[in-house]
Structure formats: C-alpha cells, structure tokens
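To keep things clear, I will list the structure first and then write my remarks on it.
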Amino acid sequence: MTNTTPKRRLWRDIKVFDGLRTLPEAMAVVTEGAQVVSLVPMREFDERLAKGCHNMGRGGVMTPGLVDCHTHLVFGGSRANEFEARLEGASYEEIARRGGGILSTVTATREASEDELLELTRPRIEAMIADGITTVEIKSGYGLTVGDELKMLRVARRLGEVLPVRVVTTLLGAHALPLEFKDDSDGYIDLVCKEMIPAAAEEGLADAVDVFCEKIAFSVAQSERVFEAAEAHGLPIKIHAEQLSSLGGATMAARHGALSADHIEYLDEAGIIAMREAGSVAVILPGAFHTLRETQLPPIAALRKAGVPMAVATDANPGSSPLFMPTLMLNLACTLFRLTPQEALAGMTTHGATALGLKGGGRIQEGCTADLCVWDIDTPAALAYAVQPGRLRQRLFQGELTHAF
Ligand code: DI6
Ligand code: FE
10 MTNTTPKRRL WRDIKVFDGL RTLPEAMAVV TEGAQVVSLV PMREFDERLA
60 KGCHNMGRGG VMTPGLVDCH THLVFGGSRA NEFEARLEGA SYEEIARRGG
110 GILSTVTATR EASEDELLEL TRPRIEAMIA DGITTVEIKS GYGLTVGDEL
160 KMLRVARRLG EVLPVRVVTT LLGAHALPLE FKDDSDGYID LVCKEMIPAA
210 AEEGLADAVD VFCEKIAFSV AQSERVFEAA EAHGLPIKIH AEQLSSLGGA
260 TMAARHGALS ADHIEYLDEA GIIAMREAGS VAVILPGAFH TLRETQLPPI
310 AALRKAGVPM AVATDANPGS SPLFMPTLML NLACTLFRLT PQEALAGMTT
360 HGATALGLKG GGRIQEGCTA DLCVWDIDTP AALAYAVQPG RLRQRLFQGE
410 LTHAF
C-alpha cells in the first residue's frame with residue numbers, strides 16, 4: 010500500500026518573520042506536504058497539533074525562503090580585469106563606451122554552449138541556495154542575437170528543473186547595443202521587438218521583458234517600443250532605470266503598468282508618484298551601488314513616505330555587482346540605503362515576489378507554499394546585522410527539506 014498522507018512537520022518555539030513583519034510571540038509552525046497549514050502562538054499550542062508530525066526542532070528564526078528578484082546569473086567569462094581598471098580610475102561608463110563591460114561578457118557568453126553555461130551558472134545558484142534563496146529571477150542580455158538570447162533563457166529554465174529553486178526568467182534583449190548594430194540602435198530595437206520577443210514568447214521562455222534604459226544603453230522612446238511589443242505578446246514588463254542618470258524611464262514604465270523599476274538612484278518625484286499609481290515595485294540594488302562606488306542614493310525616504318513597496322535584490326552579474334550573496338544585500342540595504350532590517354527582509358521576500366508578479370509569494374501564512382528558511386539567529390534583524398555565512402539551519406522548497414545543517 011502506498012502512503013498517500015503528505016508529511017507533516019512541526020517547529021516549536023520559533024520566531025517568525027512572516028514576509029512583512031516579525032510576529033510578536035514565539036510560534037509553532039506546521040507544514041503538510043507543500044503547504045504551511047498552521048501558524049499559532051506557543052501560548053495557544055495544543056499537543057494534539059503535534060500528532061503525526063515530524064519534529065523539526067525548536068528555537069531560531071523562520072523566514073520565507075528568500076526571493077532574489079533581479080539577477081544576471083547566466084554569463085560566460087569574468088570581468089576581474091575591468092574591476093582592476095576601475096580601481097585605477099576608469100568609470101563603468103568609460104569601460105562600456107570602449108567596448109568592454111557588458112560587451113566583453115557578450116563575447117564570452119556567445120562562445121559558450123548551452124551545456125557549458127549551465128555548468129558555469131550552477132555553482133553560482135547553489136551558493137545562493139545555501140544562503141537561503143528559494144526563488145530567483147534570471148535575465149538574459151549577454152547574447153544579443155535571437156539565438157543567443159534564447160540559449161540563455163533555456164539555461165535559466167533548465168536550472169529551475171535541475172535545482173530545488175523556482176527560476177523566473179526575464180528577456181533582456183535590450184541590454185546593450187551589439188557591435189553588429191553599431192550606429193543603428195533603432196535597427197537593433199526592431200530585432201528585439203519583431204524577432205526576439207515573439208520567439209521567446211512562442212517558446213514560453215520568458216516570464217517578463219526588461220530594458221536597460223540609460224544613456225549608454227537605450228532611450229525612453231526605444232524602451233517604450235520594447236514594452237509595446239511585450240504587451241502585444243502578453244508579457245509583463247520591468248525596467249533598469251535612473252541608475253546613472255535621470256531619463257524618466259521609470260515614469261514611462263509605470264504608465265505601462267511595469268511590475269518594477271530597478272536601480273532608480275536618480276528617480277524623481279514624478280517617477281515616485283507614477284510608480285505608486287501603477288503599483289510598480291521599486292527594486293533597489295545596493296550591490297551595484299557599492300561596486301560602482303556610486304554616491305547618488307535612491308530616494309528611500311520619499312519612496313517609503315509614498316508607500317511604494319521596496320524590493321532588495323543582488324543584481325548578481327559579472328560587471329556591476331559580482332556579489333552572489335543575498336544576505337549581504339540585506340546588510341548593504343541597511344548600511345548604505347538606511348532601510349530598517351524589517352524593510353530589507355520584506356524586500357527580499359514579499360516585495361521581491363511582487364516584483365516578479367508572484368502574488369502571495371514570499372510570505373508565511375496558513376495556506377502558503379512552504380518555501381521556508383530556519384536560521385540560527387535570535388532575531389530576524391540579525392540576518393541584516395551580521396554578514397555571516399553558515400547560519401542557515403534548514404531550508405524547505407515546496408515543503409521538501411533540501412538543506413539541513
Ligand atoms: N545594469 C546592471 O546593473 C547590469 N545591467 C544593467 O543594465 C550590469 C551588467 C554588467 O555590467 O554586466
Ligand atoms: Fe541589472
């Protein structure tokens with residue numbers, strides 16, 4: 010006879026950060042199969058709840074599995090040389106204009122096969138999984154031909170099949186102008202709109218479409234054309250905007266109902282209002298700010314005041330944020346951007362999920378999916394306070410225990 014009863018697991022006396030706030034009392038949590046089925050204060054705990062449950066231990070802190078809503082994890086090559094050049098005084102923009110930067114990663118990514126890219130990316134994601142990630146977004150954008158962009162997206166999809174993590178894919182064909190289109194950026198945007206987006210949609214490879222809207226990349230008008238093509242294929246949109254200058258990309262994206270506008274160091278008041286009206290999430294990326302030694306801070310206080318939800322992500326990529334440690338971002342979001350630890354945690358759980366269109370994701374509540382982390386810390390704020398790998402005690406993905414330390 011097969012056992013059809015899903016496994017029940019019980020944690021006692023645990024502090025819970027539910028994705029928005031820390032619950033005031035120590036809790037008991039029960040999962041059954043892939044779901045959280047009960048969340049009760051210890052004070053109300055009844056031993057009958059423990060019946061048939063596997064005992065998962067006591068104490069520590071439980072959070073939703075972390076959600077990294079903005080990464081460029083699939084890439085070939087390395088940019089350590091560019092790191093050295095920047096230390097000697099070259100700026101990110103200068104390097105990009107010289108054909109280095111993103112374009113050097115494009116060359117290495119085009120040269121790699123799908124299988125090679127998969128093996129290059131696997132350890133990067135495994136490191137993030139061991140730091141608590143259960144959902145990760147992965148962008149294309151280092152292929153810049155139809156075939157190479159689809160190759161990157163296929164690698165991303167396959168990683169979600171072979172690793173215990175939910176992968177959400179984003180087509181970022183409009184990331185940089187490839188050399189073949191030098192002096193013809195509108196021609197390249199035509200390719201993105203007329204071939205890349207339709208092909209990615211046809212194969213079901215993209216969950217969203219993103220654009221790098223910046224002086225060294227694409228204009229607001231070009232970004233808008235990409236969004237119109239995405240909309241025609243029923244794909245949600247996001248934007249890299251106001252990272253190095255204020256062009257108004259976030260405002261335009263909000264008018265198109267963007268899931269998120271990301272970076273936004275130079276976001277102005279009109280942009281904040283447009284984002285609030287549209288319900289777009291502000292994705293802040295302290296890793297890129299840190300790596301590029303930026304000085305323009307994103308308008309955190311104004312976003313908070315306006316009630317625009319703020320997500321925090323790694324932006325993990327080989328150039329502007331070679332930082333593959335989600336919990337470090339919690340720390341940087343607090344130290345560099347003055348988020349509270351609770352805001353940073355909500356940014357890597359609930360609001361990260363919203364930025365991916367995963368409604369109800371990144372939460373701990375009765376009926377939610379059991380994507381959970383249990384940490385060896387005494388208060389949720391400790392996750393942002395100390396940069397200290399090795400504190401993940403247990404990780405559950407869709408109710409399955411994938412890591413126990
Ligand atoms: N903004 C970023 O932070 C990444 N892409 C983008 O549009 C950087 C990508 C890289 O430098 O390779
Ligand atoms: Fe990025």
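According to the working numbering, the sequence shown is numbered sequentially starting from 10. We treat Cβ as the ideally placed atom computed from N, Cα and C, and that holds for glycine.
Length of the line joining the Cα atoms of ALA364 and THR178: Going by the C-alpha atoms only, they are around 13 Å apart.
Fill in: N-terminal and C-terminal residue of the beta strand (DSSP E) that LEU112 is part of
Membership of LEU112 in any beta strand (DSSP E) is not indicated; the residue belongs instead to the alpha helix (DSSP H) covering 111-120.
Please classify LEU348 as buried or exposed, where buried requires at least 16 other C-beta atoms within 10 Å of its C-beta. When all chains shown are included, LEU348 counts as buried.
Note to self: Between the alpha carbons of ALA263 and LYS16, how many angstroms are there, rounded?
What the structure shows: Rounded to whole angstroms, ALA263 to LYS16 spans 43 Å at the Cα level.
* Asked: Say the cut is 6 Å; is the CB of GLY296 nearer than that to a heavy atom of the ligand DI6?
  -> Not one heavy atom of the ligand DI6 sits closer than 6 Å to the Cβ of GLY296.
Let me check one thing: in DSSP terms, what residues is THR378 bridge-paired to?
For THR378, which the question treats as bridged, DSSP gives the partners GLN44.
In chain order, each beta strand (DSSP E) run of at least 3 residues that lies wholly inside the stretch 13-87
Listed in chain order, they are 17-25, 36-41, 44-50, 62-67, 70-73, 75-77.
Nearest by alpha-carbon distance to ASN340: which of ALA217, ALA379, PRO295, TRP384 is it?
Nearest option by C-alpha distance: PRO295.
- Message: With a threshold of 8 Å, are at least 3 pairs of Cβ atoms found where one atom belongs to the stretch 370-382 and the other to the stretch 25-32?
- Response: Short answer: they touch.
query: Measuring CA to CA, which of PRO173, ILE147, ILE225, VAL176 is closest to ILE104?
result: Selected option, being the one with the closest Cα: ILE225.
Quick check for students: name the residue ranges of the beta strand (DSSP E) that lie wholly in the stretch 260-301, counting only runs of 3 or more. Uninterrupted beta strand (DSSP E) stretches at least 3 residues long and entirely within the stretch 260-301 occur at 269-272, 290-293, given in chain order.
### Message
For PRO33, count the other beta carbons within 10 Å of its own beta carbon; 16 or more makes it buried, fewer makes it exposed. Which is it?
### Response
Exposure of PRO33 is indicated by the presence of fewer than 16 other C-beta atoms within 10 angstroms of its C-beta.
Query raised in the report: Name the DSSP beta bridge partners of MET357, please?
Result: Answer by DSSP bridge pairing: none, since MET357 is not bridged.
- Task: For ASP277, collect the residues of the same chain with a Cβ closer than 7 Å to its Cβ; drop the 5 residues on either side in sequence, then sort them by chain order.
- Result: SER255.
According to DSSP, simplified to helix, strand and coil, what is ARG372? It is coil, neither helix nor strand.
Looking only at C-alpha atoms, which of PHE84, VAL70, ALA37, GLY69 sits nearest to CYS62? Checking every option, the nearest Cα to that of CYS62 belongs to ALA37.
Anticipated Cβ contact below 8 Å, SER113 with ARG95, distance rounded:
Rounded, the Cβ-Cβ distance is 13 Å, inconsistent with contact.
Exposure of VAL145, with buried meaning 16 or more beta-carbon neighbours within 10 Å = A residue is called buried once 16 or more other Cβ atoms fall within 10 Å of its Cβ, and VAL145 is buried on that count.
Exercise for review: Reducing DSSP to helix, strand and coil, say where THR388 ends up.
Suggested key: If DSSP states are grouped into helix, strand and coil, THR388 belongs with coil.
- How big is the Cα-Cα spacing for ALA267 and ARG52? A straight line joining the alpha-carbon of ALA267 with that of ARG52 spans about 43 Å.
DSSP state of ALA230, grouped into three classes?
Three-state result, ALA230: helix.
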